[in-house]
Structure formats: structure tokens, C-alpha cells
Amino acid sequence: MFEVDLLLVQPWIYDFSAHDFWLKPYGLLKLGGLLRKRGYTLGFIDLLDPFHPELPKRPKRKPFGTGFFYKEPIPKPSPFLDVPRRYFRYGLPYPLAKKELSKYKPKAILTSITMTYWYPGLFALLKLLQEVFGEIPVFVGGVYVRLLKEHLQAFLEKEGFSHVFPVECKDYEEAVKLIEERVKPSGHPHPFDYPIFDLQREIPYVVLMTSEGCPYRCPYCASYKLYGGFKAYPTERILEEIIFWHREYKVVDFAFYDDALLYDFENHLKPLLEAIIDLGLKVRFHTPNAIHARFIDDEVAKLLKLSGFTTVRLGLERMEKRFDAKVSIDEFISAIHCLRKAGFREDNLGAYVIFGIPYEDYDEVEKTLHFLFELRVQPYIAEFSPVPGTPFFKLCQEVSRYPIDEDPIFHNKSVFSAMKKPDWERIQAIKNLAREMRRRLTSAF
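Residue 197 in this note's numbering sits at position 197 of the sequence shown, and the numbers go up by one each step.
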């Protein structure tokens, strides 16, 4: 039995699909690092852990630290019976999760989720935590709580979970103070306050954030609502963190979670990349959140290549009928030419095409896929999920076949909730087209 001040737990995911595409609970891990720095003793259980030795079947791993999660089929939510897909619980089997939790004796528990429609996994975890630990304090944070605190509170009241506290703080320091009011540290301050990736069973990659927020106001995104504005972190701090994980734990793959990684490039990312090049660090960088093509010129592309960027995802959304001002088609084409000149190949480059927005035009989506294929850029379908508080959420309310304002389960991207009557055959054909284009573009590598 491990006695700790705080036990941090990553919940299961209940969904139609989930992949380890550099997917980590960054906020939870960062908060853990700050608390450990203050002397809190910690435990960490990742219910999505693909490396657990007692899993019935080891999930397949892919290049650069990505891969699959163990999954078990579970009943599909009844409103989704028209969706031609199976529903799963991703992560450790229930008995194994209970066994892992039972190894600890914490004073309090921290957990969080991002997607609003992943709350079933959180609710299942909260019930299990009460079964194992009784009514010790549980703090719940994440994007879901910040956007839909009232939904969580309704569940807590229904279940009588007076020991569970939503955390919707504006910053990490505020969250730390909230926890300090209920639990005091019993250990010695840790020398570093980096996110607690070292408490994982393995470290296939590390997630980085060099900034928070975004200067843009895209109608489908809630970044401005969550962060208020754009704030860059000190370059020196990010460099120290990369060096630490690379030299102390041999980490090679790093994924940026920034919403606007290239914004103010000259004063922010450029000094970091130049330092990495000067130090000769042999690392790989990945951008699952996409970067803005508008900011890519020859100098930017060259520094990205020389510093180790390997997976470059760009945000395009649409070729025509655009609904944002982040990039023009000419700017996008110019960015691709610069990246090519710098040495990036087809297997490095990809672009997201949003699919499933209110009043969707299937032909426009296919046209955008063909545009990318002709540019020899891998097309990736980004299925639209309505995010509360955004302009597109209001549009979605007008056309959705679901009451999306009543239950966040209807925000699931796989159900195409912005469509009144989805053409499932056409949807699958478009997904298959994008997949086949990627296969043809990368078959030589």
C-alpha cells in the first residue's frame, strides 16, 4: 500500500474511437509537477495506460510514440442507435483499474477530462473511486469542467457526491491554492516542477506547451473562452524542459500542444529552435494541434526542419467557402512550397479538413481533399464537434437532430451532430478517400 498525499488519475475514455496520437492529460500532469515542487507526495494512475503488463492484449504501437489503447466494447448510448459504429471503453479493464487504485492510500485525488462528451468515463471513475476510497476529497478539472461545470454538478448532486469538487480555476497557481486549503504536503520539495511524465510506466513521448491561448477567434474553437488571450512562456524554460527529458530519460519525441505555435515566431519559437540546433539535440517534434500556414516562410521552414520537426500538421479547414481568416489558399500553397524547399516530404506533411459543420457541403470537403492530394499533402479529416460557447455551437443548435444543449454526449464528433440527417455512406466514402490518398502519398516511404 502506497501512502501518498495526492493520487492523480487519468479516466477512461468512452467513445466510438480513440487513439494515442500524443494524447496526455497535460493540465493534470503539469498541476502534479507544481504540487510535487511544493512537497506533495504523488501517485499517478493512467487508466489509458497501453503499457500495463496485465492487459489482456498489448495494444499496437506506431512510430514516434503514438499507438492504440486497449479497448472493450460496451453498450452504445441509446440515442446513437442510428450511428453505424461500435462503442468502446478505452483503457484498463474494470477489475484491473480497481486493482491499481487499491494499491494506494491517498489523502485526496485529482482527475480531469478534456472532451465534453467523454464525461461517461469520468462518471464511471468517480463511482469507482468512492467504492475504493470512500468519501475522501476528489478534485475534478479539465476543459469539460470549465465549459460545463453545471453538468458535472448535476451529476454530483444526483449521486450525493459532496466530497467531489469541480476545479475551474483561471490558472495553475489558483488550483494549487485550492488544493492546499484541504491537503497539506508531507514530503520534501522536488527539485523540478515539470509535468510528472516520469510517474508513467513508460515515457514514449513528452507533451510541451510554449504558450497558451490563441490570437484568432475561429467560430468552432473555444480557446479564447478558456484562456482569454495569448500568453507565451519563457523560451529558456521550455529549452530546459526539453533538455531535461532528453538527457535524463532519453526522450526523443516531443509533441506541441500550442494553439498558435508559430505566432510571434521571431521573439518566441525562433530563439528556442536556434538553441536546439546549436546544442545539437537529436530530437523529433510533432504538431498534432496544427500550425498556422500563414506564418511559414523560407526561414521558418528551414528552422523547423533543422531543429527536428517530423510531423507537421497544418490547419486548412476548407479550400473555398471558408469561415475563418487564418489563412488564404495562396498563403497555404506558399507555405507548402517553403516546407518542400526545406526538405519536408509527403510523410512529414499533413493538413486538417474540417468535416461535419452546420449546413455541410460534401462536395466542398471532397474538393479540398483533392486540392491537398494535388499538392502532395496528406489530408486528414477533422470531424466537427460542437463546443459550448462558440458561434458554431449556436448554429448547430438550429440544425442538429440532437438536443446538444441538454447533454454533452451529443457533442461527440463521430455522430456528426450538426447534420439533421447524415448520409453515412457518403461520410464513410469521404473518410475512405482521405485514407487512400494518404496511403498513396506515403507508400514510397
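All C-beta atoms, glycine included, are put in the ideal place defined by N, C-alpha and C.
Same chain, Cβ closer than 6 Å to residue i, five either side skipped, listed in chain order
| i | result |
| --- | --- |
| P195 | L29, K30 and G33 |
| P391 | P219 |
| L261 | I291 |
| L395 | P358 |
| V83 | V415 |
| D253 | F64, G65, Y205 and R284 |
| A232 | S211 and H268 |
| V251 | I203, V206 and W245 |
| K420 | V399 and R401 |
| F165 | F139 |
| L101 | V132 |
| K282 | none |
Residues near residue i in its chain [Cβ-Cβ closer than 8 Å; skip 5 each side]
| i | result |
| --- | --- |
| L372 | L316, A351, V353, Q378, P379 and M437 |
| I430 | F355, Y362, V365, E366, L369 and I381 |
| T442 | E346, D347 and Q378 |
| P75 | Y87 |
Test item: CB-CB of residue i and residue j under 8 Å
| i | j | result |
| --- | --- | --- |
| F69 | L48 | yes |
| D298 | K341 | yes |
| C214 | Y205 | no |
| K99 | E3 | no |
| L304 | V312 | yes |
| V415 | C221 | no |
| I113 | L129 | no |
| G308 | F344 | no |
| V183 | V140 | no |
| R294 | V327 | yes |
| T478 | L269 | Because the chain in this structure spans residues 1 to 445, residue 478 falls outside the shown range and cannot be described. |
| F133 | L208 | no |
| I296 | L349 | no |
| E72 | R85 | no |
| A447 | L314 | Lying before the first or after the last residue shown, residue 447 is absent from the chain, which here runs from 1 to 445. |
| K107 | D5 | yes |
| P11 | P56 | no |
| Q200 | F44 | yes |
| I329 | M319 | yes |
| K37 | P271 | no |
| Y40 | G142 | no |
| L147 | G389 | yes |
Span of the alpha helix (DSSP H), counted from its first residue to its last, around residue i
| i | result |
| --- | --- |
| L239 | T235 to Y249 |
| I277 | L269 to L279 |
| K367 | Y362 to E374 |
| E157 | K149 to E159 |
| F450 | The question about residue 450 has no answer, for the chain in this structure spans 1 to 445. |
| I427 | W424 to T442 |
| C218 | Taken as a continuous stretch (DSSP letters only), C218 belongs to no alpha helix (DSSP H), as it is neither H nor E. |
| Y227 | S223 to Y227 |
| K127 | Y119 to F133 |
| K30 | Y26 to K37 |
| I179 | Y172 to E180 |
| E398 | P391 to V399 |
Proximal residues to residue i (C-beta, below 7 Å), its chain only, five neighbours per side dropped
| i | result |
| --- | --- |
| H163 | E135, I136, P137 and V138 |
| I427 | F416 |
| K103 | M1 and F2 |
| F230 | S211, G213, C214, P215, A260 and Y263 |
| D20 | P50, T66, G67, F68 and F69 |
| A275 | L239 |
| F393 | P386 and V387 |
| E54 | L96 |
Residues bridged to residue i [DSSP beta-bridge criterion]
| i | result |
| --- | --- |
| Y352 | G315 and Y380 |
| Q10 | D46 |
| A255 | V207 and H286 |
| L261 | DSSP output for L261 lists no bridge partner at all. |
| V164 | V138 |
| L110 | L8 and F139 |
| G461 | The question about residue 461 has no answer here: the residues shown for the chain are numbered 1 through 445. |
| F3 | Per the sequence shown, the amino acid found at residue 3 is Glu instead of Phe. The partner list for E3 (beta bridge, DSSP) reads K105. |
| D15 | F88 |
| A232 | S211 |
| I291 | L314 |
The beta strand (DSSP E) enclosing residue i, as first and last residue numbers
| i | result |
| --- | --- |
| A301 | No beta strand (DSSP E) holds A301; the alpha helix (DSSP H) holding it covers D298 to S307. |
| R89 | F88 to Y90 |
| K71 | K71 to P73 |
Contact test: residue i Cβ vs the ligand COA heavy atom, cutoff 7 Å
| i | result |
| --- | --- |
| Y87 | For the ligand COA, the structure offers nothing, since it holds no ligand at all. |
The stretch 153-165 in contact with the stretch 8-23 per 3-pair CB rule at 8 Å: Between the stretch 153-165 and the stretch 8-23, the count of C-beta pairs closer than 8 Å stays below three; the two stretches do not touch.
At least three beta-carbon pairs within less than 8 Å, the stretch 396-410 to the stretch 110-122: Contact holds: three or more Cβ-Cβ distances are below 8 Å.
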